[in-house]
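Residue numbers (this note's numbering), protein chains in the order written: chain A, 398 to 789; chain B, 12 to 193; chain C, 37 to 497; chain D, 66 to 1058. Quick reminder that beta carbons are idealized off the backbone N, C-alpha and C, glycines included. Worksheet: the structure to be examined is printed underneath.
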Amino acid sequence: MEISFSFTSKFKIPVFILILTGMATIGYSIFVLHDHGERFWANFLLNNVFAIVISLCGLVFIAIHNLGNSGWQVAIQRIPEAVSMYLPFGSILMFIIVISMCFDANHLYHWVHPEGDVILEMKKGYLNVPFFSIRTLIYLAGWTFMAIWLRKVSLKNDRDNDIKYYRKSITISAIFIVFFAITSSMAAWDWIMSLEPHWFSTLFGWYVFSGLLVSGVAVITLITVLLKKTGYMPQVSKEHLHDLGKYLFAFSILWAYLWFSQYMLIWYGNIPEETVYFIERLKGFNTLFFINLFINFGFPFLALMTRNSKRVPIILALVSIVVLIGHWLDFYLLVMPGTLGENAQIGFVEIGMTLGFMGFFLFIVFTALSHANLIPVNHPYLKESLEYHTQY
Amino acid sequence: MNKNKYLKAYYDDDGLLIKGLKSLKKEGVEILDVLTPFPVHDIDKILGYRRSWIARVGFIGGAVGAVIGFGFQVWVFTVDYPLNIGGKPFLAVPSFIPVTFEMTVLCAAFAMVFAFLIRSKIGPGAEPFIHDERSTDDRFLILVGVGKNATEETVSELKNKISNTGAQGIVLKDDVELSKNY
Amino acid sequence: MYVSPVRELLIKGDKNYKKVTNDITKPIVNKPGKLWFLGVSVTSLAAIIGLFAMFITVRDGIGMWGVNKTVGWGWSITNLVWWIGIGHAGTFISAILLLFRQKWRTSINRSAEAMTIFAVMCAGIFPLIHMGRLPLGYFILPYPSTRQLWVNFNSPLLWDVFAISTYFLVSLLFWYMGLLPDIATLRDNVKNKILKPVYKFLSFGWTGSVRHWSRHESMSLILAGLAAPLVLSVHSIVSFDFATSIIPGWHTTIFPPYFVSGAIFSGFAMVLTLMIVARKTMNLTEYITVGHIESMNKIIITTGSIVGIAYITELFMAWYSGVIYERFTFYNRALGPYAWAYWIMMTCNVISPQLLWIRKLRRSILFTFILSIFINIGMWFERFVIVVTSLHRDYLPSSWQMYKPTLTEIAIFAGSLGIFFTLFLLFIRFFPVIAIAEVKSILKSSGEKQVNITQNLLENE
Amino acid sequence: MNKYWKSKEEKQTETRVPGSQANRDKEDSSLEMLFSDSIISSGATRRDFLKLFGFSIASAAIAASCEQPVRKAIPYLIKPEEITPGKANYYASSYYDGNDYCSVLVKVRDGRPIKIEGNKLSSVTGGGTNARVQASVLSLYDESRYKSPTINGEIVSWEEADKEIINRLNIISDSGKEIILLSNTVISPSTKAAIDLFLKKYQTAKHIQYDAISASGILEANKATFSKEVVPSYFFDNAEIIVSFGADFLGTWLSPVEFTKQYAQTRSLTEGQKRISKHIQFETNLSLTGSNADERIPIKPSEEKTILANLYNNIAPAFGAKTFKSPECNYNTEVITRELIRHHAKALVISGSNDVQVQIIVNAINELLGSYGSTIDLDNPLQHKKGNDTDMHNFIESLENGNIGGVIFYGTNPVYDYPKSEIIEENLKNCDLLVSVSTEKNETSEACIINCPDSHYLESWNDFEIKPGKYSLCQPAIRSIFNTRQAQDSLLKWSGEKKEYIDFIKANWQKNIYPESRASDFFTFWNNSLHDGIFELKSINKSVVTSVPVNILESAFNFFEKSSDNIEIVLYEKMSIGSGKNANNPWLQEMPDPVTTAVWDNYICISPRQAKEKNLKTGDLAIINNRITIPVLIQPGQAYGTIAVALGYGRKSSGKVAEGVGQNIVSFYQMRNGVRFAYDTISSLEKAGTGYQIAKTQLHHSMEGRAIIREATIEEYLKNNNAGNEIHKEIEKHHRSLYKEHEFSGHHWGMTIDLNKCTGCSACVVACMSENNIPVVGKNEVLRAHEMHWIRIDRYYKGNEENPQTVRQPVMCQHCDDAPCENVCPVAATNHSNEGINQMAYNRCIGTRYCNNNCPYKVRRFNWFDYTKADAIENNTVDPAGMTLDLKRMVLNPDVTVRAKGVIEKCSFCVQRIQEKKLTAKLENRQLNDGDIETACQQACPAEAIVFGDMNDPESKVSKHLKDPRNYHLLEELHTLPSVGYLTRISNRKKET
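Right, dumping it as structure tokens:
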């Protein structure tokens, strides 16, 4: 049962086109636009964090299933593994932002200059460049390390059939989940919430986490469907897709639940220090605000409600794409009001850079996929997964 | 022998039951019902039952609940008796979501349960026809229709077929009571 | 269905379907023991005392409690949230674990659901009796009154009415529908002349027909699909009681998921407390195995850690917010006059469950039992901390007050425990503690002696 | 039988046409049904009471019927012109209890006086009131009052009592023994005339004026220095610097209502003023006045004279006056000296001491500064507090010597409030005639043989002259509830005068006062005076006085107490209870002391340092001089080396409310030559126990650095008129909402409170209780934080706990437009009116208390028990003060619902008053004017700190105040949009570093 993915020109050409588009846009945004790179940095942050989040979800996906003693996902396990391989590269890109912050070369975070702002002065102990850099380093290094470790153990198992690898991967997963539980929220506060440093919401980290789950599962689903359609994944049945579809459905509801919880509570309390966040989003971004809600909740909810839609690859892929766009928009709404504010727009630069990051991301994922067997042949639950069928 | 009759075939294992059921079905035996102490999967597929429409009842119930729940709140607060409460708008949509949600779930659940009970003709005080007291314990029963015009020959042929599938016992019964249930 | 041999078996011992039936229905078919009667007398005595305290409260007024102008809610709402939280395990096990195909739930879901229903009943007592004017409590229903006044749909307390009653009804439906086949089993097994017709009535005429099973399964599944968000919604809405307010320590957005997590945490702790006792006294150790307990412990540690992270998030955000009121509230929680409650909460809920990372402890029944009681206590204190410490020192220091419960309040709480355990004892006496049909359905795939047969059967196809 | 007391005595309009016999029977039976025993015993509800008024039956009948069955009740066929059922009448009257004077309006609703309001026409009290005045209406319905004359405890008729008294008076008079009429200071000209008649009739009779709280020192000093034995008038409004030595002039000293009014004017900054007075207070215990002072210096009472002497010696050279030898004092008086000299004529130095020498020095200082004629007026003196301690002392001596044959106690209670009470009580037994003429039951009346109960002032006619030419009248607002007779009538009767007192007053006025008026005829004059409640002549011009004779001054310097380490005790008056005369009034008992916030108790106030040394803490019991055991309360600001205990507690016979509350401390008065000094040195103070609970309404005393009460100094304010309030602008800038605010198209009611004017006197607290039927819950309930006040005075300390700065803030429902409480009520029992009022529908409330939890101001109050007997369940009433007795329920305001058990209540902005005035305006077909509506708290406030009005009217005073840069809202950062604004407190102290 050896199936290996070859990263052929059929895949390579579109990927390179995407990357080139991205490079061109970056060049345009830096050299042509006269905004001190503001738009570039905002988009760079947005896309890279989004990509990191998706990649991280690959890792979370594996870890959670390992810990839950789950068997069905073994057939597609290599996909989330490959997705998580973006982490080292995303980390490097993230550090471009951090380093440029050290040299005051971007104006993403207002708290870099807390002078004269009482509240920011109060937060200086946490929001300062050195501490921020150290934290970012810890998150990224930790995640990258564990992603590589987990994959290494998984690949070793392919060569050496021994249950100890499975046991080891469970241990790694446990360590990762604990680390992730703490760092995911913190990273969300640091990278995104602190873009509007006066505002705070305890739920914010978990809200971003729910978005991570949806968009990550969407990407995994998309790649699964793509590989199945191109014949690389015969082992994947409708049952597997059904489960992925259920995830997409459930996580979309979870996202909506957290969105509602956060919005409603702030709306209800109506305390200016909190409402300012939504007022800004309802002022300049009100169309997107409601589109976001529909595209990320209403659409997947209605589209994936029936059993059939979760089992048809094309429908599932379509929903995944829409949801992915939706969550990019959600990230746009998280990042832009605090960075570009009224100057934010979805134009050439935004689309181009997003495509570029997409290309880069896919390049890495496909490369990673091509470097290993698509089936973890010695996984103890492989048989369960292959014979997997559900009653519901 | 003008009355409808049926055979009760006993199994003591669900594996045997499924195997037997499959071969009986293949041979075109009329299977009236199968009684099992726990849900044995695939029987419904073997017998060719359609997927239950209970989900749709639930959806309709839920939709009705949602509309009533949301609509009522909107009507109360904007049309019937608008009150300035804490400066909130009359049409305070976020405030209406929880009740709407609960109404949705409540109506969906009740619609389904009622649909299930009514469709299955069971409910408080329903008189069960007990073919065998152990069918809720450890016995699996297949009720095989014999047909009005069956001769003793056909019956014994049928019995043979059934016992070949591994049934532990076969009993012939008049279907006086059974017809009440189906 | 293929089950990997790596997995732990869920049912121990030499079992067949008949034996399963007999094992589980034994306490119902046989006469109850002395221990059971002793238990019922103790718990019902507590219940009677509690009911009397409630009567006193309604007659004389809420002044019988220690609540005051500043701390308007004390033990009553603490107990409400605690009980509701406990009432989350059952439906979580039946619904969410069903959706996640966790087979180990079959041994515990029935009693957990029963526990849920009783806990919700106990919870329901508190919002009722905490009303100053209970006789007029029906005002809370949106009925067409002569004053043409409806209720306030903005109020989380009203959402509670809908959420808790929906949750109770749906849980009841879910539980009862699942119970139908087992009641039919009882009907066919019980010889008692009084009980038999009762079971007959209650069994709704269930025969085990494949058509019924088929519908039953798809209904259960969708009910589970509905119940899963319902579980989330109920404790979220309970958390809205606090989070919608503007009181520091109450108004925080993390409350909904954090409450849900805490609820499941406490619910599992209560399930463990009950099950560890029940499996021993009712000879069900082969059905509720150490493996089951370990699985539950894993849920405990997960939810416990989520709760812990939420505590720390709150604490950090209080500092990060830069709002003096927020900062003070958390400072006051940790170091103020109710710091003892805070540290009990922290110890019981955050620190002690971390011991479960050790596999040996996770599989130790004694440790689990002690821990489960710790968590029950800790989660009670969590609600106490939230309710009381947030209120007792809020915005204007001139109104700061202390709160101390009175005997009446303590009696009511004890009474609610009495009611709960009385109902649970009655339940185990008259209904199967374990879902008979569901256990039978996994007997082959996960039972100790049947594994090979199943494999053969499937392989032959 | 029915009498209607109106401002005009038009008896001819009281046209009553009796119904037919049949009708009458019917009415009678209905009434009897209402008042039959069964109903009364089951506790007639307020509803029954209102039903009763449906018959338009006069209140007097009802009042009487509480005690005896109605024999005749006659329905109106033609109702008296002025009485509209359901509409209140206001009658001008005057309050004087021997201690406090106030010109008032009595609100009478359906025949029952239910509320006291200030009379704005009075130039003395100017519409202000204090807590005691506000509460006085409840004393009317005190069930412990004597209900008829008694001899030796047996009920007798007035004729019998009179006969007995006259008989004995004659005997005593004939025997040559003295007859003493012991009264409070009498400020009523007609009463004086009546007393004169009495004295004339009985040759040996003597009138002694005795004030429980004496100002003897001032009288004596003025007599010595200026030959005028008077208590002068003070003009704080003219003062730019006020230096007070232990005089609690905003709380209890002489004429606090008047002084508060004046003082508040000097603190006002709302009319464009650029200056406020500077107030320096030397005192021992933290008083209301001291806590308002710009600078406060805690001193031992024995140091007072030394400091004053030093002050005099510092000032004297500047005016070329002679200095005298005096001991050094610990306090450097130079700064004060400079300030006083700088402001000279605009300065005022006062002392609360009863030491004549101290007062002489004070007079000398004031004279040097030129305060006489400016801030002090000897020519229009206050007429009350004329009681001379020496007279009283002599009386006691005579009593001991057996020279006295009979005593008539008119409103005085020396057995309780005179230091040598046991001597009095002992020797009284030797008298042949002991008559008590008292409104309320007290220790002295219990010791008397004959009781001739005086009518309550709301049942009486009287006239007063608080200052020369400032006349006011007192008229009954209800017929005597009990078989009481007003004291003057008794005196007239005993003097053999046939006239009733009302006619006597009229005659007196016609003869003596009418000629000074410019009225056309006496009838008009009388009617106008009665209508206004006052008749005022122009004040005599204040004259500058001659300097204090040097020898007198020298003699004042001849004795100084040696400073010692002994602890000194100070006896002080509480704002609420005073000398204890009104101690049986539940409203006053329940009023939190503005300094300690304690209720229903007196206690030892001790400084934190002293407490530590003595190992005492709040709630301990301590024994003073091995004689008396009192609980301890650690009071920041109490001078080290001293303790203070309030007078007025430990009543033995006063009625249920006051008996057993606190300890009587009068025995600690220091007697020097018969003069009572309210301090003494004590020999021991030891811990005697623990675990006593003092019920305080506020437990935490620091603002915790929150911008709750915003403050600035006057210097800062002049530089920047939003000083201390800069954050307000900042917060307003960030005020954003996720939803549009509701618009209030008609009125939008709002209130502002000027924290610079508010002294914390708590008149508003009692006024609110009276207006809004707020239950009295008693000490135990307050201990459990169950008090019900709708308005409270928050008090915070800042700085050094030995001498903290005190700030106060009245807090009531803020009527937020984005009210957090409204959102969460499940049954919509609290919501917003279209005039911006946060309203409570009590009927709808089911008592979840969610609103209260969610109220950041914690102003909502819950009926924890059935405090009002309005609950449907019987026999569960918690009513320690007897407020649900039928008699006391007469004081209830029928416009305000009495709340049942389990219901939340709170300030309604006196919505009943708003509705009433709106209706009046509508009937009069006019717009509502700004100022038409006054809330009860606003009306009561002597400082005029509270302004209420329509925020939608840009010209209204409240709108102007809200636009004042000093305005802010409490917790405004929460965006609750309160309708109550606070104006920052501006103090005249140096900026702290």
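Residues, ordered as in the chain, of the region 275-288 of chain C that lie near chain A by beta-carbon distance below 9 Å: Ser275, Phe276, Ala279, Thr280, Ser281, Ile282, His287 and Thr288
Run down chain C in chain order and give the residues with a C-beta less than 8 Å from the C-beta of Tyr506 of chain A. Within 8 Å Cβ-Cβ: nothing; Tyr506 of chain A doesn't reach chain C, min ~14 Å.
Would Leu764 of chain D count as contacting chain C if we go by Cβ distances under 9 Å? yes
For Gln179 of chain B, which residues from the same chain have a beta carbon less than 8 Å from its beta carbon, with the 5 sequence-adjacent residues on both sides left out? Tyr21, Tyr22 and Asp23
Near Phe347 of chain D, what residues of its chain come up, given a Cβ to Cβ distance below 6 Å and the 5 sequence neighbours on each side ignored? Phe310, Ile362 and Ile364
When burial is assigned at 16 or more other CB atoms within 10 Å of the CB, is Gly303 of chain C buried or exposed? buried
Alpha-carbon to alpha-carbon, Gln474 of chain A and Leu552 of chain A: 11 Å
List the residues that DSSP assigns as beta-bridge partners of His272 of chain D. D:Leu246
Would you verify that the beta carbon of Glu887 of chain D is, or is not, closer than 9 Å to some beta carbon of chain B? yes
Buried versus exposed call for Arg991 of chain D [16 or more other C-beta atoms within 10 Å across all chains shown]: exposed
So with Cβ pairs under 9 Å, would you call Pro100 of chain B a contact of chain D? yes
Who are the Cβ neighbours of Gln133 of chain D in its own chain at under 7 Å, not counting the five residues just before and after it? Because Gln133 of chain D sits at a pLDDT of 46, beneath the cut-off of 50, its placement in the model cannot be relied upon, and the following sentence gives the value as read from the coordinates. Result list for Gln133 of chain D: empty, nothing under 7 Å.
Between the region 102-129 of chain B and chain A, which residues of the former have a C-beta closer than 8 Å to a C-beta of the latter? Pro105, Ser106 and Ile108
Counting only beta-carbon atoms, is Lys36 of chain B nearer than 9 Å to chain C? no
Reducing DSSP to helix, strand and coil, say where Ile774 of chain D ends up. coil
With distances taken from CA atoms, which of D:Lys485, D:Gly241, D:Arg914 and D:Leu950 is nearest Lys966 of chain D? D:Arg914
By a C-beta neighbour count over all protein chains shown, 10 Å radius and 16 as the cutoff for buried, is Ile496 of chain A buried or exposed? exposed
DSSP three-state call for Gln77 of chain D: helix, strand or coil? Residue placement at Gln77 of chain D is poorly supported in this model, since its pLDDT is 38, which falls under 50; the coordinates are not used for a value here.
Would you check if there are 3 or more beta carbon pairs closer than 8 Å linking the region 265-279 of chain D to the region 235-253 of chain D? yes
With C-beta atoms as the reference, is Leu713 of chain A less than 9 Å away from Leu641 of chain A? yes
Are the CB atoms of Ile71 of chain B and Ala122 of chain B within a distance shorter than 9 Å? yes
With DSSP collapsed to three states, give me the class of His800 of chain D. coil
With a threshold of 9 Å between beta carbons, is Arg183 of chain C in contact with chain D? yes
For a test of the three-state rule: what should DSSP assign to Ile415 of chain D, helix, strand or coil? strand
Within the same chain, show all residues whose beta-carbon is closer than 7 Å to that of Pro697 of chain A, passing over the 5 residues directly before and after it, in chain order. Leu645, Phe646, Ser649, Val716 and Val720
Alpha carbon to alpha carbon, how far is Ile54 of chain B from Asn175 of chain B? Give it in angstroms, no decimals. 19 Å
Once you ignore the five residues that flank Glu490 of chain D on each side, which residues in its own chain have a CB closer than 7 Å to its CB? Val480 and Ala512
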